[in-house]
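J.: Just so you know, the sequence shown maps onto residues 22 to 87 in our numbering.
Quick reminder that beta carbons are idealized off the backbone N, C-alpha and C, glycines included.
Only a predicted model underlies this, so the values are computations on that prediction, with no experimental measurement involved.
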Amino acid sequence: MGRSILFYAVAALVLVIVASNADEIEGRQSEASMGETLLVIGGVLVFVLLSRLLISRLFTRSEGRE
Numbered sequence: 022m023g024r025s026i027l028f029y030a031v032a033a034l035v036l037v038i039v040a041s042n043a044d045e046i047e048g049r050q051s052e053a054s055m056g057e058t059l060l061v062i063g064g065v066l067v068f069v070l071l072s073r074l075l076i077s078r079l080f081t082r083s084e085g086r087e
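1. Alpha carbon to alpha carbon, what distance is there between Ile38 and Ser72?
2. Compute the beta-carbon to beta-carbon distance between Leu66 and Ala33, rounded to the nearest angstrom, for a pair I have assumed lies under 8 Å.
3. Give the straight-line distance between the Cα atoms of Ile76 and Arg82, rounded to the nearest whole angstrom.
4. What separation, rounded to the nearest whole angstrom, lies between the Cα atoms of Gly63 and Leu27?
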């Protein structure tokens with residue numbers, strides 16, 4: 022579990038850096054604020070983390086039945 026949290030922390034940091042430089046990369050002005058961007062990134066990371074936890078629990082339950 023510790024490695025998983027570390028992975029998501031690093032992924033969030035990378036996505037924040039990419040989001041903060043997105044205007045320069047695309048050469049345009051963004052209409053979304055940094056707060057909105059961080060909310061979206063955080064929501065996606067929480068969804069992925071919960072999905073991984075749910076899938077791992079389902080696999081452990083199915084292995085226990087066999």
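T.: So, to answer that:
1. If you number the sequence shown from 1, residue 72 lands on position 51. If you number the sequence shown from 1, residue 38 lands on position 17. Roughly 24 Å between the two C-alpha positions.
2. If you number the sequence shown from 1, residue 66 lands on position 45. If you number the sequence shown from 1, residue 33 lands on position 12. At roughly 6 Å, the Cβ-Cβ gap stays under 8 Å, so Leu66 and Ala33 are in contact.
3. In the sequence shown, residue 76 corresponds to position 55, counting from 1. In the sequence shown, residue 82 corresponds to position 61, counting from 1. Going from the Cα of Ile76 to the Cα of Arg82 covers about 10 Å.
4. For the purposes of this step, residue 63 is taken as the residue at position 42 of the sequence shown. For the purposes of this step, residue 27 is taken as the residue at position 6 of the sequence shown. Each residue's alpha carbon lies about 14 Å from the other.
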